[in-house]
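Residue numbers for the sequence shown, in mature numbering (1 follows the signal peptide of the UniProt record, and there is no 0): -22 to -1, 1 to 401. Glycine included, every Cβ here is placed at the ideal spot set by N, Cα and C.
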Amino acid sequence: MLVPFLVSVLAAFVAYVRWGSGISEEPSIAQIEALRTYVADSFAVKQPIRIRFHDTGFRFPDLVLATQRQLDYQLAKLGIPYRYPLIDELPKHIPRFGFNKTSTQSTRVFTLTDGAISATDAVEDAEEMDISVTPPPDFSLDMALGGNVGVWLDSVRFRAMMTYNLESVHANDLPFYLAQTILDHLCEVDVKLYDMRHNISFDDYVPKLTVNIVAAEDGALKESTVVEDAIEESLLKHSEVIKPFVNVTPRLYTIDVTKNRIPRTIMKNTTDQITFVFSTTLKGFLNQVDGASVYHLLPDKPKTNLGDAYGTEYIEAQKLNESPRINITNFLFSVFGEIEERTGLREKCSNKHLEVFFTTKLLTIKGIEKALKLIKNDPNEANLSTFWEVCKLVDLILSEREHNWSSHLKHIHEIIKKVTGTK
């Protein structure tokens, strides 16, 4: 097969770097192109997935093997070279009940014997996680017996949860359901991005972006910075989520536009800077600033139905009517949407960390492909030396168990800058 042959060629490249023998001193154009083609179309990157079980009393000795075969078949059918090796963490033994006697009575008491359950028992859910913190790249699919077959995707961790019923067990449908949960939920973004790979260019990569938020206000009517503080907090959290892919720096400015002009340097949109303007005090007076539309953030409408005059609902509604909150949700959606459009986060997912992880993966692969193409087109001594660095990166990605795609993306970006002579 072509893939093993190309991998062996790559191994020879790496062997030369380490031991100084095995191939000629300078790689040929054909060798560079062979590696580029492999990375572009056949890069068998592995993403291990743990299969875990949350029920005692059941044992499926060949379930993971059957699921792996089903998964590999579906990937081959779709023409996807990626690999998702499944790690079997299902219980290996059914719990046994033994007899123990109490010290004061002769009555037999049923107890669960030590060692009856393996070390792969159901893992307790950790405490609530901060959604802005990037989770470790530990992928898992958890199973649990339920009334129906259903799937949930964790909103923070790289984890999916599938419930099954006894009917699906008797029909031998579990391998199919597990494989589809991986392809259609846990790794859906990975699969979709691979299909879109020919429409994605590394040239569109934006490593850093400054986001300016300008509060254009009437200083005489402005009472507090509560709105600015809430927007800044949300922006900082969102920036942390997508930081493995793009470094976003949010900056907030509150300017009394009745007395001062917004600096042109802030209003200038570039590839690495974008600006949004909002106002809470100038609706009807200010619609644009230097060609940029102004978002008018308004208080929530007063509640007319206050509910039971003696109930909690009435008291809360009365408080909101006396001090109405300003709705910033739609404004934030617009800001986040524009940031992601500008930086290339195309595939939407309920778990933003998954979206960032797999987008960073694809851009890394596209970067390696571009670097090899540049080296092939200009095989001077410096570029051929850089070629060995690219080989080492490919070798690392193929061999590592947990991928740090953020680090790999930054690495290949630096390699491309070295080859092109840009800063």
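In angstroms, rounded to a whole number, what distance separates the CA positions of residue i and residue j?
i: residue 237; j: residue 333; result: 43 Å
i: residue 391; j: residue 348; result: 10 Å
i: residue 243; j: residue 12; result: 47 Å
i: residue 91; j: residue 108; result: Reliability of the predicted coordinates at residue 91 is poor, the pLDDT of 43 falling under 50, and no value is obtained from them.
i: residue 125; j: residue 140; result: 12 Å
i: residue 152; j: residue 48; result: 10 Å
i: residue 250; j: residue 221; result: 15 Å
i: residue 129; j: residue 159; result: 7 Å
i: residue 131; j: residue 163; result: 7 Å
i: residue 326; j: residue 170; result: 11 Å
i: residue 346; j: residue 274; result: 44 Å
i: residue 234; j: residue 271; result: 17 Å
i: residue 23; j: residue 173; result: 15 Å
i: residue 19; j: residue 367; result: 20 Å
i: residue 69; j: residue 122; result: 13 Å
i: residue 248; j: residue 216; result: 21 Å
i: residue 388; j: residue 32; result: 39 Å
i: residue 360; j: residue 8; result: 18 Å
i: residue 211; j: residue 315; result: 17 Å
Would residue i and residue j qualify as a contact pair, given that the criterion is a beta-carbon distance under 8 Å?
i: residue 397; j: residue 17; result: no
i: residue 29; j: residue 65; result: yes
i: residue 26; j: residue 154; result: no
i: residue 337; j: residue 386; result: no
i: residue 187; j: residue 226; result: yes
i: residue 335; j: residue 115; result: yes
i: residue 344; j: residue 133; result: no
Among the options, which has the Cα closest to the Cα of residue i?
i: residue 313; options: 303, 384, 230; result: 230
i: residue 175; options: 21, 331, 160; result: 21
i: residue 40; options: 131, 14, 147; result: 147
i: residue 138; options: 386, 363, 328, 389; result: 328
i: residue 309; options: 257, 340, 321; result: 257
i: residue 245; options: 268, 136, 261; result: 268
i: residue 67; options: 119, 165, 24, 112; result: 119
i: residue 10; options: 330, 357, 400, 393; result: 357
i: residue 378; options: 54, 6, 61, 46; result: 61
i: residue 149; options: 364, 127, 191, 31; result: 127
i: residue 43; options: 157, 388, 350; result: 157
i: residue 228; options: 394, 209, 240; result: 209
i: residue 331; options: 143, 239, 135; result: 135
i: residue 63; options: 165, 253, 370, 207; result: 165
i: residue 350; options: 362, 340, 339; result: 362
i: residue 381; options: 394, 395, 340; result: 340
Measure the beta-carbon distance from residue i to residue j and round it to whole angstroms, keeping in mind my assumption that it falls under 8 Å.
i: residue 232; j: residue 201; result: With a Cβ gap of about 12 Å, residue 232 and residue 201 do not count as contacting.
i: residue 185; j: residue 224; result: 6 Å
i: residue 189; j: residue 317; result: 6 Å
i: residue 52; j: residue 213; result: That pair is no contact at about 39 Å.
i: residue 4; j: residue 110; result: Rounded, the Cβ-Cβ distance is 48 Å, inconsistent with contact.
i: residue 409; j: residue 255; result: Residue 409 falls outside the range modelled here, since the chain spans only -22 to 401, and no answer is possible.
> Which runs of the beta strand (DSSP E), 3 residues or longer, sit entirely within the segment 200 to 244?
Replying inline: Runs found: 225 to 234.
>> Please give me, in chain order, every unbroken run of the alpha helix (DSSP H) with length at least 4 that falls completely inside the segment 132 to 185.
In response: Listed in chain order, they are 144 to 148, 152 to 159, 166 to 173.
>> So within the segment 29 to 77, which uninterrupted alpha helix (DSSP H) runs reach at least 4 residues, ignoring any that extend past its ends?
In response: With a minimum length of 4 residues, the continuous alpha helix (DSSP H) runs that stay inside the segment 29 to 77 are 41 to 56.
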